[in-house]
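Peer 1:
Residue numbers (my numbering): 14 to 232.
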């Protein structure tokens, strides 16, 4: 690209053809801007990668570079916080226990009388909203679901995608719940409970690959 820019400048300086000179000028500006844009992307990538590596260098958990984790947040071993997620532990605490994952675009917040407690081997799907609630071991919160203050999701239970678990609701263990508001649909099978755990384990393995730099941003 640099050689092309130099050649264009030389032609602009030597040609007597006004149309050709104008074409070369536009071409030069395009490629110059394209190169600047590429350099900006490269700089952004390097900065984000550095943040990600520093965050995860001595940690036993993974926080993606574009995730925001602030305040009183406790992350246990093998937890992962994915891209564009926000965990804000200001009014109270957020605890994410061993082997659990908070997937891309999820927001977790607290109230003064309502911390967030996420048990072990829990999966919080993409674009969920958790506020002042408890999610017990092995549970799975489906994508784009909302769980509000003082609600409890029982052990191994599955909340279907797009559900709303209203304030103070208690979902019992080992069930499928779905809807707005969420209602218990049926008990989960052993196979479904096993798959919940496998999903959490998959994200533990995936987070280690990202932390090792095996996946890179495409710009």
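Where is the CB? At the ideal position from N, CA and C, for every residue including glycine.
Since the structure is predicted, the reported quantities are computational estimates derived from the model, not experimental observations.
Identify the residues that DSSP records as bridge partners of residue 99: which are they?
Peer 2: BP columns for residue 99 point to 81 and 120.
Peer 1: So for residue 212, helix, strand or coil by DSSP?
Peer 2: Note: residue 212 maps to helix in three-state DSSP.
Peer 1: Which same chain residues end up closer than 6 angstroms to residue 164 when comparing Cβ atoms and leaving out the 5 residues on each side of it in sequence?
Peer 2: Excluding positions up to five away in sequence, the list reads 146, 178 and 182.
Peer 1: Mind reading off the beta-carbon distance from residue 245 to residue 167? Whole number of angstroms is fine, and I expect it under 8 angstroms.
Peer 2: Absent from the structure is residue 245, since the part of the chain shown begins at 14 and ends at 232.
Peer 1: Which of the three DSSP states is assigned to residue 23 in this structure?
Peer 2: Because the pLDDT at residue 23 is just 49, under 50, the model does not fix this residue reliably, and the point stays unresolved.
Peer 1: Tell whether a beta-carbon distance below 8 angstroms holds between residue 169 and residue 206.
Peer 2: Going by C-beta atoms, residue 169 is nearer than 8 angstroms to residue 206.
Peer 1: Once the 5 residues before and after residue 127 are set aside, which same chain residues still bring their CB inside 7 angstroms of it?
Peer 2: Here the set comprises 105, 145, 162 and 163.
Peer 1: Sorted by chain position, which residues of the same chain lie with C-beta nearer than 6 angstroms to residue 120's C-beta, five sequence neighbours on each side aside?
Peer 2: Cβ within range, chain order: 99 and 142.
Peer 1: Would you list, in sequence order, the uninterrupted beta strand (DSSP E) runs of no fewer than 3 residues that lie entirely inside the stretch 169-195?
Peer 2: Runs found: 188-192.
Peer 1: Enumerate in chain order the residues of its own chain whose CB-to-CB distance from residue 70 is below 8 angstroms, with the five nearest sequence positions on each side excluded.
Peer 2: Caution applies to residue 70, whose pLDDT of 49 falls short of 50 and renders its modelled position unreliable; the model cannot decide the point.
Peer 1: For residue 73, which option in 130, 93 and 83 has the closest C-alpha, if you only look at C-alpha atoms?
Peer 2: Cα-wise, what sits closest to residue 73 is 93.
Peer 1: Alpha carbons only, please: which of 194, 176 and 152 is nearest the one belonging to residue 158?
Peer 2: For the residues 194, 176 and 152, the minimum Cα distance to residue 158 belongs to 176.
Peer 1: Tell me which residues share the same chain as residue 117 and place their Cβ nearer than 6 angstroms to its Cβ, disregarding the 5 neighbours each side in the sequence.
Peer 2: Excluding positions up to five away in sequence, the list reads 95, 96, 97 and 139.
Peer 1: Check this for me: beta carbons of residue 114 and residue 133, under 8 angstroms apart or not?
Peer 2: Cβ distance not < 8 angstroms, so residue 114 and residue 133 don't count as in contact.
Peer 1: Return the CA-CA distance between residue 82 and residue 101, expressed in angstroms with no decimal places.
Peer 2: Their backbone Cα atoms lie some 6 angstroms apart in a straight line.
Peer 1: Where does residue 231 sit, in a helix, a strand or coil, going by DSSP?
Peer 2: Coil, per DSSP.
Peer 1: Whole angstroms are fine: how far does the CA of residue 90 sit from the CA of residue 204?
Peer 2: Near 26 angstroms, if we compare the C-alpha coordinates of residue 90 and residue 204.
Peer 1: Would DSSP call residue 70 helix, strand or coil?
Peer 2: A caution first: residue 70 carries a pLDDT of 49, below 50, which makes its placement in the model too unreliable to give a value.
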